Amino acid sequence: MQQPSAGNESGAQAAQPIESLAKRVVVVTGGASGLGAATCAELGAAGARVVVADLAAERAQRCASRLKESGVEALAAAVDVGDEEQVRRLFDTAIDRFGAVDAVVNSAAIDVTAPIAELSAADWERIVRTNLNGVFLVARRACAAMRERGGAIVNIASTASKRAWPNASAYHATKWGVLGLSHALHTELRPQGIKVC
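No gaps in the numbering here: position 162 of the sequence shown is 409 in our numbering, and each next residue is one more.
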């Protein structure tokens, strides 16, 4: 029987240290509330410079202000992730301010809870535009920003990409799409030094 290593009574392998986030520039979409805001706080605590990107400009500003109060270098940016031009401006702004983008977290997502018979085509398109097209547009722009130096793209897929429940067909479709896109990009971009998960 293998003996536990020194300082590790359980015998489990010690966790490998993660790559330092100190001074890394991370863009977080949907960063002004919920999981996105929590992600911004954790990244800031780990030393990252954080771009709080959100459709809700005032909430993004409040989130960035809270980060700054705790000593984090932060920038608020209003963006509709489903709009290609706004995504381009988001990256231009981040690079102008911090000099680079090292990672993105695609956290922006919306949902309309309704049975399929009551889900309007407009709501379907709005959900797909934000949850799936937005991930594509941000990932594509991130690739351009990371081409020379590598980086990381983190796509938030949710349990909705693995199982289903009623009255969320558009949300499920987009999150399954995000999972598939993530697998494809992982394979495509790994040789270029861009990690995707």
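For glycine and all other residues, C-beta sits at the position ideal for the given N, C-alpha and C. These numbers were taken from a predicted model, which means no experiment stands behind them.
Query: Contact between the stretch 350-369 and the stretch 407-427 (3+ Cβ pairs under 8 Å); Result: yes
Query: Local conformation of R394 per DSSP, three classes; Result: coil
Query: DSSP three-state assignment for T360, whether helix, strand or coil; Result: coil
Query: Bridge partners - T276, DSSP secondary structure assignment; Result: A300, N353
Query: Boundaries (first-last residue) of the alpha helix (DSSP H) holding K422; Result: 416-436
Query: Range covered by the alpha helix (DSSP H) that runs through A407; Result: Taken as a continuous stretch (DSSP letters only), A407 belongs to no alpha helix (DSSP H), as it is neither H nor E.
Query: Alpha-carbon to alpha-carbon, S405 and P413; Result: 16 Å
Query: Boundaries (first-last residue) of the beta strand (DSSP E) holding A237; Result: Look at the range of the chain in this structure, 248 to 444, and you will see that residue 237 is not part of it.
Query: Presumed contact (8 Å Cβ cut-off) between G291 and V297, rounded CB distance; Result: 5 Å
Query: Residues that DSSP places opposite A399 in a beta bridge; Result: A350, K442
Query: Residues of its chain near V319, where Cβ-Cβ distance is below 7 Å and the 5 sequence neighbours each way are ignored; Result: G291, V297
Query: Beta-carbon proximity of T315 to A323, cut-off 7 Å; Result: The question names Thr, but residue 315 is Lys in the sequence shown. Not in contact: K315 and A323 (Cβ atoms no closer than 7 Å).
Query: Local Cβ density within 10 Å of S257, reported as buried at 16 or more and exposed below that; Result: Note that S257 has pLDDT 41, beneath the 50 cutoff, so the model's placement of it is unreliable and the number below is only indicative. The residue in question, S257, is exposed, as its Cβ has fewer than 16 Cβ neighbours within 10 Å.
Query: The stretch 365-374 in contact with the stretch 300-316 per 3-pair CB rule at 8 Å; Result: no
Query: Alpha-carbon to alpha-carbon, P362 and A269; Result: 45 Å
Query: Cut-off 6 Å between Cβ atoms - residues of its own chain near A259, not counting five sequence neighbours on either side; Result: Unreliable positioning characterises A259 in this predicted model, as indicated by a pLDDT of 44, which lies under 50. The coordinate reading is nonetheless provided below. Cβ neighbours of A259 beyond the five flanking positions: none.
Query: Coil, strand or helix - A285 by DSSP; Result: helix
Query: Same chain only: Cβ atoms within 8 Å of A411, ignoring 5 sequence neighbours per side; Result: H419
Query: For D343, the three-state DSSP class (helix, strand or coil); Result: helix
Query: Residue burial classification, S252 (beta-carbon count within 10 angstroms, cutoff 16); Result: Note that S252 scores a pLDDT of 39, beneath 50, so its modelled location is shaky; the value from the coordinates is reported in the next line. By the neighbour-count rule (16 or more Cβ atoms within 10 Å), S252 is not buried but exposed.
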